[in-house]
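Below: the structure, in structure tokens.
In the UniProt record's numbering, the protein residues as written are 1 to 71.
Here it is, written out as structure tokens:
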């Protein structure tokens, strides 16, 4: 994934909500998920593996800030 970060997507359940909470790693793999039920999920985060990934996939170094501006 472009930002190389873990993502926690939390959703409410019941009534007008559909749930589907997830924990997703920096490659887009779902580490844990719920459908419509309530509960607690725990996922292990491997920071050493992520650091190896960042050395191989050099997205930050390949950016082109001259093509965009902030603010």
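From the three backbone atoms N, C-alpha and C, an ideal C-beta is built for every residue, glycine too.
Fair warning: this is a prediction, and the values are worked out from it, not measured in the lab.
Closest by C-alpha distance to residue 20, when choosing among 6, 38, 69, 26: 38
Just how far apart, CA to CA, sit residue 23 and residue 36? 15 Å
Would residue 31 and residue 48 be called neighbours here (beta carbons separated by less than 9 Å)? no
Span of the beta strand (DSSP E), counted from its first residue to its last, around residue 9: 7-9
Nearest-angstrom Cα separation, counted from residue 41 out to residue 12: 14 Å
Which same chain residues end up closer than 6 Å to residue 33 when comparing Cβ atoms and leaving out the 5 residues on each side of it in sequence? 22
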